[in-house]
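Take the sequence shown: its letter number 212 is residue 831 in my numbering, and every next letter is one higher. Structure first, commentary second.
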Amino acid sequence: MRLAIAILNWNGKTLLEKFLPDIIKYSEPLAGVFVIDNASSDDSIKFLSEKFPSVKIIRNEKNHGFAKGYNEGLKKIDADFFLLLNSDVQVTENWLEPLVALMQNEQIAACQPKLLNYHVRDEFEYAGGAGGFIDKYGYPFCRGRIFNSFEKDEGQYNDTREVFWASGACLFIRSKVFYEAGELDEDFFAHMEEIDLCWRIRNLGYKIFYCSESVVYHVGAGTLAKENPKKTFYNFRNNLLMLVKNHASEYFFIKLKFRCVLDGIAALRFFLLQGEFIHFWAVLKAHLSYYSLFFKMLRKRNAIKKNIKQYATGCVYRRSIVWDYFIKKKNKFSELEKERF
């Protein structure tokens, strides 16, 4: 197995200094370590060259964001498997071995470890928790984290199981499937591009898995803080873009219209209940951007449909997670109706 750990960096010297030593210690010689630099203006490159000569550096000409940054960098890496790893992830001893063992199953195209909060060590982390799911309207959530409710890790998700999507914070993926599915969508720039990729992979007939035997700790918000309106913008816009591209044809436009209504309610909630006009405006801008890209996404949808073996239906919650969370007050994965998956 030729495995390449690819870390995307943009002005992240402090994070590299903190987390790269453990990545090297607990990964080599099982995997090669690469840093893809998005034209950093700090001294990341000099620091890497001097302190970590075994790390291979790939330099992008400018800051391409997450999606294009990885796409450009991975083209220069020859490996059977990529492990896309955020620079703000702390790995643990023997974190790679369970993932490598799991990927011996050729039906599994991608997987993720258990993601815990670096600052609250026994709490699941926002970006992936214990594996990702979506509801019937395309809203993503995780085992261990639904919206802003986080569960304590008490061993309730100590299993290995199929999920709908794996976190881009630590994404182990077959390189041939990465390219077969069409790489990361560069129109997304950042946020939810891994969910879009996993959706396309599942529509090709492959599986995505979560493996609890591997544990990492994620700082989170290394590039954009949760309160940053840009994060709100990308999350709302990109979620709609991936829905247009990947959702099954049945009642597609009806569900899309209903999603827009739900987003409108979310925007009003930002404004009326929380007094956060800046996030209210971010949702409105997200929809304007979505409308401007709608027909481009339809063209992508038509191109993708040519290779779809069957639309992925497993690991989809056949209810509204928004309704169950905000109205019915279900804030744990275990409280959701199992028969609805």
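Virtual Cβ for every residue (Gly too), placed ideally from N, Cα, C. Model, not experiment: these values are computed from the prediction.
Sheet register partners of Tyr745 (DSSP bridge): Its beta-bridge partners do not exist; DSSP assigns none.
8 Å contact criterion, which Ala686 and Glu812 should meet: CB distance rounded: Correct: roughly 5 Å between the Cβ atoms.
The alpha helix (DSSP H) with Pro717 in it runs from where to where? For Pro717, the enclosing alpha helix (DSSP H) has its first and last residue at 715-721.
Around the Cβ of Thr932, are there at least 16 other Cβ atoms within 10 angstroms (buried) or fewer (exposed)? Thr932 is exposed by the Cβ-count criterion.
From the DSSP output, which residues share a beta bridge with Arg920? None; Arg920 has no bridge partner.
With DSSP as the reference, label Thr779 as helix, strand or coil. In the three-state DSSP reduction, Thr779 falls in the strand class (E or B).
Measuring only the C-alpha atoms, how far is Gly751 from Ser786? Rounded to whole angstroms, the gap between the alpha carbons of Gly751 and Ser786 is 7 Å.
Can you look up His837 in the DSSP assignment and give me helix, strand or coil? For His837, the three-state secondary structure derived from DSSP is strand.
DSSP state of Phe638, grouped into three classes? In the structure shown, Phe638 sits in a helix (DSSP, three-state: H, G or I).
Based on the DSSP secondary-structure assignment, which residues constitute the bridge partners of Ala724? One detail in the question is off: residue 724 reads as Asn in this sequence, not Ala. Paired residues: none, contrary to the question.
Which residues in the same chain have their Cβ closer than 7 Å to the Cβ of Gly748, if we skip the five residues on either side of it in sequence? Non-local beta-carbon contacts of Gly748 in its own chain, meaning distances under 7 Å to residues more than five positions away in sequence, involve Leu734, Cys761, Arg762, Gly763, Arg764 in chain order.
Nearest-angstrom Cβ-Cβ length linking Ala729 and Ala623, presumed shorter than 8 Å: At roughly 14 Å, the Cβ-Cβ gap does not stay under 8 Å, so Ala729 and Ala623 are not in contact.
CA-CA distance, Tyr737 and Asn847? For Tyr737 and Asn847, the gap between their C-alpha atoms comes out near 20 Å.
Backbone secondary structure at Arg764 - three-state DSSP: In this structure, DSSP gives Arg764 an extended state, which the three-state scheme calls strand.
Going by alpha carbons, who is nearest to Glu647 out of Val710, Arg959, Lys637? A check of alpha carbon separations from Glu647 across Val710, Arg959, Lys637 identifies Val710 as the nearest.
Do the CB positions of Thr779 and Cys830 come within less than 8 Å of each other? Less than 8 Å divides the Cβ of Thr779 from the Cβ of Cys830.
Supposed close pair Asn630, Ser659 - CB separation, criterion 8 Å: About 5 Å; that satisfies the 8 Å criterion.
Counted within 10 angstroms of its Cβ, other Cβ atoms place Val708 as buried (16 or more) or exposed: Around the beta carbon of Val708, a 10 Å sphere encloses 16 or more other beta carbons of the protein chains shown; the residue is thus reported as buried.
Could you tell me which of Leu912, Lys924, Ile827 sits nearest to Cys934, measuring between CA atoms? Comparing Cα positions, the closest option is Ile827.
So, is Gln929 buried or exposed, given that buried needs 16 or more other C-beta atoms within 10 angstroms? So Gln929 counts as exposed.
Within a Cβ cutoff of 7 Å, which residues of the same chain sit near His683, ignoring the five residues on either side of it in sequence? Excluding sequence positions up to five before and after His683, its CB lies within less than 7 Å of the CB of Asn657, Glu691, all in the same chain and listed in chain order.
Which residues DSSP lists as bridging Ala729, in chain order: For Ala729, which the question treats as bridged, DSSP gives the partners Ile792, Ile827.
Classify Gln726 as buried or exposed, calling it buried when 16 or more other Cβ atoms lie within 10 Å of its own Cβ. It counts as exposed.
What is the C-beta distance between Gln723 and Leu790, in whole angstroms, given that I count them as a contact (C-beta under 8 Å)? By a beta-carbon distance limit of 8 Å, Gln723 does not contact Leu790. Their separation comes to about 18 Å.
Local Cβ density within 10 Å of Met773, reported as buried at 16 or more and exposed below that: Correcting the residue type first, residue 773 is Glu in the shown sequence and not Met. Exposed, by the Cβ-count rule.
Using a Cβ-Cβ cut-off of 6 Å (strictly less than) and excluding sequence neighbours within five positions of Ala886, which residues of its own chain qualify? Taken in chain order, the residues that qualify are Phe899, Val902.
Among Pro759, Leu721, Ala905, which one has its Cα closest to the Cα of Gly849? Looking at the sequence provided, one finds Lys at residue 849 rather than Gly. Closest by C-alpha distance to Lys849, out of Pro759, Leu721, Ala905, is Ala905.
What is the DSSP secondary structure of Phe808, reduced to helix, strand or coil? If DSSP states are grouped into helix, strand and coil, Phe808 belongs with coil.
Is Ile820 near Ala788, with beta carbons less than 8 Å apart? One thing to note: Ile820 has its Cβ no nearer than 8 Å to the Cβ of Ala788.
Going by CA-CA distance only, name the one from Glu712, Lys919, Glu958, Arg920 that's closest to Arg938. The option with the nearest alpha carbon to Arg938 is Glu958.
Assign Trp942 to buried or exposed, taking buried as 16 or more other Cβ atoms, counted over all protein chains shown, within 10 Å of its Cβ. By the neighbour-count rule (16 or more Cβ atoms within 10 Å), Trp942 is not buried but exposed.
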